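>
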Amino acid sequence: TRDQVTYFGAGPALLPTSVLETAAKSLVNYNDTGLGLAEHSHRSEIATGILNSAKEDLAKYLDVPDDYEILFMQGGGSGEFSATVYNLVNVWVARRKEKLLKELNLAEGEEFPEDELLKEMQKAVDEELKIDYLVTGSWSLKASQEASRLMGFEHVNVAADARQVNDGKFGKIPEESTWKLSKNPAMVYYCDNETVDGVEFPGFPKILEPKGGDDDPIVVADMSSNILSRRIPVKNFSVIFFGAQKNLGSTGVTVVIIKKSLLAAPPAPALLRKLGLSVGPIVLDYGTIAKNNSLYNTLSIFDVYIAGQVLKKLLETFPDKVDGQQKIADKKAKLIYAALEKYPDSYKIVPDKSARSRMNICFRVTHLASGIDDSERTFLKGATDQGLTGLKGHRSVGGIRASNYNSISLKGAEQLAKYIEKYAQGSK
Ligand code: PMP
């Protein structure tokens, strides 16, 4: 039964049983309407109500300021790798054009010849357009590769590559003083929690903090695997995005929290084409999605409903909102890391202590159980026998990964910590 299993998979992840039970009923007959929720129109009042209350509850739980918009999109975290590039390059081009026209100091009514403007803009794009990436793990690496694919290598600046400070492997965040940030990049992108490598930023980077001027960096963060687990200074970010399938809900919706000032009209597609820049698909256009309250096209309201139920449960459980959840998330992570640290002969924690993720705890089982190197397999089998499942590391890095998302109970984390200790003792 569900009660006998604690699933530590990296995503899709566990959802609270009570949420699933309510959702299951809604799937057949939503609120006695005689129709299941996945059958109701996304244009119905029911749908709008569900969408708006999920937005409200998310804003409440994370204290999202009023000058931010919340969007529900499709295409997953990977879709956002592309969307962030398209949208923020658009913003860069629009702002650069505005600046250029200002610099020209045109008299009232005077128009700058179109071909001259194009020439100047082309020069700006060729010489100045950069997108900065902090590459600290496989997901930010993938995002940077997508930017290169869409815009060309010449526009992508890897401002920091964590492998260079950690023997060619991910596991550490390079010192901020070594980051090679561009001048006025279209965005500085990073992944707050690297799900595969178990690397989490300890907090918002000091060097990116806004000072309140026009030159403040446009900061974009992928928070797919640690959103809702700790307080974040939303006002420091231009865009925060996350897929639902780890801490928020079921796979199928992706959330974007975006500063409203970035939703201004994008440059004309014809201008972008003339400048050799790609024009993004309309379904990834933040302005279009915002204008339509996330209902530009058919959205899975059932998935929004599940996310909304998770948020309601969080708000009920934690009167102090995300701070309450953060205390428990920290406690669970500490428990598991402490158990691993107690037996350094048996386990090696993969990332450096300074960048350890509270959400994805990655480690190797290092001793040789029964004389052959099958210790990780033995470890996993023993865990599964006790109902502790989903602990196998990502196929690209191997090892063990305990994903300690919000829905892992304190009891589940305690059970895992105990098993980690028992296993080390038993096979000595
Ligand atoms: N970013 C992070 C941090 C992730 O963990 C994942 C998926 N595990 C993605 C992006 C990609 O998400 P999706 O599979 O929804 O495209």
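Its first residue numbered 1470, the sequence shown is counted upward by one per residue in our numbering. The beta carbon of each residue, even a glycine, is placed where N, CA and C say it ideally should be. Being a predicted model, the structure only gives us computed values, none of them experimental.
Looking at C-beta atoms only, is the number of pairs between the region 1685-1703 and the region 1615-1623 that lie closer than 8 Å three or more?
no
> Extract the residue ranges of the alpha helix (DSSP H) inside the region 1728-1768, only unbroken runs of 4 or more that lie entirely within it.
1738-1743 and 1755-1760
> For the beta strand (DSSP E) containing D1691, name the first residue and the last one.
Element bounds for D1691: V1688 to D1691.
> G1712 by DSSP, collapsed to three states: which one?
It is a strand residue.
> Using a 10 Å radius around the Cβ and a threshold of 16 neighbouring Cβ atoms, would you call Q1473 buried or exposed?
exposed
> Below 7 Å, is the gap between the Cβ of A1479 and the nearest heavy atom of ligand 1?
Yes; taking the cut-off as 7 Å, the Cβ of A1479 has a heavy atom of ligand 1 nearer than that.
> Name the one or two DSSP bridge partners that R1833 has.
K1817
> Would you mind giving the Cβ-Cβ distance between I1869 and F1832, rounded to the nearest angstrom? I have them listed as a contact below 8 Å.
5 Å
> Is there at least one non-hydrogen atom of ligand 1 closer than 7 Å to the beta-carbon of S1876?
no
> Is any heavy atom in ligand 1 found nearer than 7 Å to the beta carbon of S1693?
yes
> Take V1554 as the anchor and find which of P1735, A1893 and L1857 has the nearest alpha-carbon.
P1735
> Can you give me the C-alpha to C-alpha distance between M1542 and K1728, rounded to a whole angstrom?
16 Å
> Which same chain residues end up closer than 7 Å to E1482 when comparing Cβ atoms and leaving out the 5 residues on each side of it in sequence?
The sequence given here places Ala at residue 1482; Glu does not occur at that position. Excluding residues within five positions, the ones whose Cβ falls inside 7 Å are Q1714, K1715, S1872, Y1874 and S1876.
> Should T1767 go down as buried or exposed, given a rule of 16 or more other Cβ atoms within 10 Å for buried?
exposed
> Does the region 1757-1766 touch the region 1578-1590, meaning 3 or more C-beta pairs lie closer than 8 Å?
Touching, no.
> Short check: CB of V1634 to CB of V1604, under 8 Å?
By the CB criterion at 8 Å, V1634 and V1604 fall outside the cutoff.
> For the region 1692-1701 against the region 1507-1522, are there 3 or more C-beta pairs whose distance is under 8 Å?
no
> Which same chain residues, not among the five before or five after N1556, have their C-beta less than 6 Å away from its C-beta?
Y1755
> If you follow the beta strand (DSSP E) that D1630 is in, where does it begin and where does it stop?
V1625 to D1630
> Given this structure, state the Cα-to-Cα distance separating Q1795 from D1789, to the nearest angstrom.
10 Å
> Alpha carbon to alpha carbon, how far is G1672 from G1840? Give it in angstroms, no decimals.
Because G1840 carries a pLDDT of 49, less than 50, the predicted location of this residue cannot be relied on, and the following value inherits that uncertainty. Here the alpha carbon of G1840 sits roughly 42 Å from the alpha carbon of G1672.
> Should S1487 go down as buried or exposed, given a rule of 16 or more other Cβ atoms within 10 Å for buried?
exposed
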